[in-house]
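Take the sequence shown: its position 18, counting from 1, is numbered 316 in my numbering, and each next residue is one higher. First comes the structure, then the notes that go with it.
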Amino acid sequence: KITLNSGSPLGKLSNKLTFYTNDEKKPRIDIPIEGNIIGDIVVFPEGVFYGIINKDTQPIRKVILTSNNGTKFKIQKVEKDTEAVTTNVKTIEEGKNYELIAKLDPSKLNGRLNGKIKIYTDNKEQQIIEIGIGGIIEE
Numbered sequence: 299k300i301t302l303n304s305g306s307p308l309g310k311l312s313n314k315l316t317f318y319t320n321d322e323k324k325p326r327i328d329i330p331i332e333g334n335i336i337g338d339i340v341v342f343p344e345g346v347f348y349g350i351i352n353k354d355t356q357p358i359r360k361v362i363l364t365s366n367n368g369t370k371f372k373i374q375k376v377e378k379d380t381e382a383v384t385t386n387v388k389t390i391e392e393g394k395n396y397e398l399i400a401k402l403d404p405s406k407l408n409g410r411l412n413g414k415i416k417i418y419t420d421n422k423e424q425q426i427i428e429i430g431i432g433g434i435i436e437e
């Protein structure tokens, strides 16, 4: 039986399990494990990438936030660290499903976009959800 500490951080997990045996040739066996610890709110995709963008376009990307286990939540506010991205939250199903729409205005950037969007919720475990935003602006 393997149990994770309930205080384990959300996200990717990479570790190893160690078994000790009575075999003289292999007294210790390490087994690598990988997983993903999921909270009450699942975000898909986990980040926003606009790709290589022409300055004349204004691409839109969508991120879905869903209740993983029936726990209700609300999005309280959204912040971003660039003025080149505008966001809007659309309710799909109150308390369970939301769509974050992120529109990029490449005319406000030169070169690369590398930033974050912070989504504030009323969920105690996931009060702030950060997702990366990126892209390359063609000149």
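Cβ atoms here follow ideal geometry from the backbone N, Cα and C, with glycine treated the same way.
- Cβ atoms of Val383 and Leu402 come within 8 Å of each other, at about 6 Å.
- Under the DSSP definition of a beta bridge, Ile390 lacks any partner.
- Shown here, Lys406 sits in a helix according to DSSP, grouped into three states.
- For Phe371, there is no enclosing beta strand (DSSP E), as DSSP gives it neither H nor E.
- Using a Cβ distance threshold of 8 Å, Lys394 and Thr385 do not count as a contacting pair.
- In this structure, Ile415 is the residue among Ile415, Lys422, Glu423, Gln425 with its C-alpha nearest to the C-alpha of Arg359.
- Counted as a single uninterrupted DSSP element, the beta strand (DSSP E) harbouring Asp328 occupies residues 326-335.
- The C-alpha of Glu436 is placed about 11 Å away from the C-alpha of Thr355.
- Judged by beta-carbon spacing, Leu398 lies within the 8 Å limit of Ile417, meaning their Cβ atoms are closer than that value.
- Glu428 carries a strand assignment under DSSP once its states are collapsed to helix, strand and coil.
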